[in-house]
Amino acid sequence: MSASRPAAVVVLAAGEGTRMKSRTSKVLHELCGRPMLGHVLAAGRALEPERLVVVVGHRREQVIDYLAGEHPAAEPVVQEYQGGTGHAVRTALEQTGELSGTVVVTNGDHPLLRGETLAELVRVHEGDGNAVTVLTTEMPDATGYGRILREEGGAVTAIVEHKDATPEQRAVREINVGMYAFDGALLADALKRVTTDNANGEEYLTDVIGILRGDGHRAGAFLAADWVETQGVNDRVQLAQARRQLNDRILEAHMRAGVTVVDPATTWIDVTVTAERDAVVHPGTQLHGATHLGEGAEVGPNSTLTDTRVGADAKVVNAVCVEAEIGPEASVGPYAYLRPGTRLARKAKIGTYVETKNAEVGEGSKVPHLTYVGDATIGTGSNIGASSVFVNYDGVRKHHSVVGDHVKVGSDNMIVAPVTIGDGSYTAAGSVIVQDVPPGAMAVARGKQRNIEGWVERRRAGTPAAEAAEAARRAAEAGE
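Take 1402 as the starting number for the sequence shown in the working numbering and just add one per residue.
Shown next, in the form of structure tokens:
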């Protein structure tokens, strides 16, 4: 039996998260390219629910702003005070109205949760005809967790908190992970009968299970095979552990799809990154955002790419690239910085200690060494000499320069925008180019050299330089 489309997925994200010790909402702490809440919402969206509801409370403005920007289809519901999990769900149902069908309740701080697991929870819930189905798992060490008690037929009879459990019950390894599938109508009715008669004076969602069983309804459970994905994050230590686990999952998926990851221990890839087969990722590399590696592309070592597309068979070594496009068979690095707006055509080269921004580099063109290219278009087959700078800013506005096809820009040139260097032209080393260069011309823009004979011996007498100059002069005179 396949699962139906749930009436709603309700994500509980109102907690304070004091153990994070942060000014940022707990559920907005990031790992592998998304906040924790973003990963949970991705899992929830995989079910294609009719409604996606997020209960917010502490630092609600941050969470609501995030939802508006990244998940506009999600409905924020404000829990004015934190009165327990039952109160949070009741608040959600009161504000969204009656929900007919399956309602999935999950937590905003479980970033490892898979959409496939939630889908299986719904399938089991509906297939068994349960009023409620609890997501459970078996922990290697269940200390501190509520234990799942079942009857002989497998139905859940109770969830017993660790502190209240008998020695026999504590021996049970199956625990409640705090996520559920409910019959929406039955849930709404049961929540009205949840009391605050407990040590914390809160409405517990787990009390709904006893109420539903008391009404004669069946409570079931779905045992998740991977206990790791059911773990929540409460502090930064657990956040780092979850980040490592999620990154390992992402890397494994890429490797099984034909990508070589040379050293998974030092490689970090966001969940949003895509790569084609035979791409190679070397040690110390981080790939973020919407980065894409084409077939056979090679990145690293020690490279960080953000929202960057790397073409087939291109190579990026020891480089930082942000919002750049690197064409097929292009070469970048080592020690290059490609800033937003950089576009490299096929077989273009950006070499050592080169920085680019808003720059188009044509097919086969090269910027090999020690150069800044900003706000410029470089044609095909051109070469930019070492230590050159495209001077693009006049203190108020940026200006654009154009270098044509098959141009040779000499070393240590200043290209002062706006200027056009025509096709097939040359510029002499040390030139400051402030005027357009016609196609095929040689541009020489530098002062005439003047040598002042004997200056060092007169003005720097007694220094090693003066002594060396004197010795060379005497040797020359003797040779004459």
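The beta carbon of each residue, even a glycine, is placed where N, CA and C say it ideally should be.
Put residue 1667 into one of helix, strand or coil per three-state DSSP.
helix
Short check: CB of residue 1742 to CB of residue 1759, under 8 angstroms?
Yes, the pair counts as a contact, with Cβ atoms nearer than the cut-off.
Is there contact here, the segment 1492-1510 with the segment 1465-1481, by at least three beta-carbon pairs under 8 angstroms?
yes
Cutoff 8 angstroms; reference residue 1442; Cβ partners in own chain excluding five residues on either side:
1412, 1453, 1455, 1472, 1475
Same chain, Cβ closer than 6 angstroms to residue 1667, five either side skipped, listed in chain order:
1684, 1685
Is it right to say residue 1850 is buried, meaning 16 or more other beta carbons lie within 10 angstroms of its own, or is it exposed?
exposed
Status (buried if at least 16 other CB within 10 Å, exposed otherwise) for residue 1839:
exposed
As assigned by DSSP and simplified to three states, the class of residue 1689
Looking at residue 1689 - three-state DSSP - the assignment turns out to be strand.
Use the C-beta contact count for residue 1761: other C-beta atoms within 10 angstroms, 16 or more gives buried, fewer gives exposed.
buried
Assess, as a yes-or-no matter, whether the segment 1429-1437 is touched by the segment 1589-1608 under the definition of 3 or more beta carbon pairs within less than 8 angstroms.
no
Measuring straight from C-alpha to C-alpha, what distance separates residue 1816 and residue 1751?
18 angstroms
N- and C-terminal bounds of the alpha helix (DSSP H) containing residue 1526:
That run of the alpha helix (DSSP H) goes 1516-1528.
Per DSSP, what are the beta-bridge partners of residue 1636 in this structure?
DSSP lists no partner for residue 1636.
Do you know how far the Cα of residue 1862 is from the Cα of residue 1778?
In a straight line, the C-alpha of residue 1778 is about 50 angstroms away from that of residue 1862.
Applying the criterion that 16 or more other CB atoms from any shown protein chain within 10 Å of the CB defines a buried residue, is residue 1731 buried or exposed?
buried
Is the separation between the beta-carbon of residue 1771 and that of residue 1754 shorter than 8 angstroms?
yes
Cβ contact check for the segment 1644-1660 and the segment 1540-1559: 3 or more pairs under 8 angstroms:
no
Going straight from the alpha carbon of residue 1448 to that of residue 1548, what length do you get?
27 angstroms
Residue 1797 in three-state terms, based on DSSP
coil
Give the DSSP bridge partners of residue 1581, in chain order.
1506, 1535
Along the chain, which unbroken stretches of the beta strand (DSSP E) at least 3 residues long are found entirely within the segment 1428-1480?
Here the runs fully enclosed are 1452-1457, 1476-1479.
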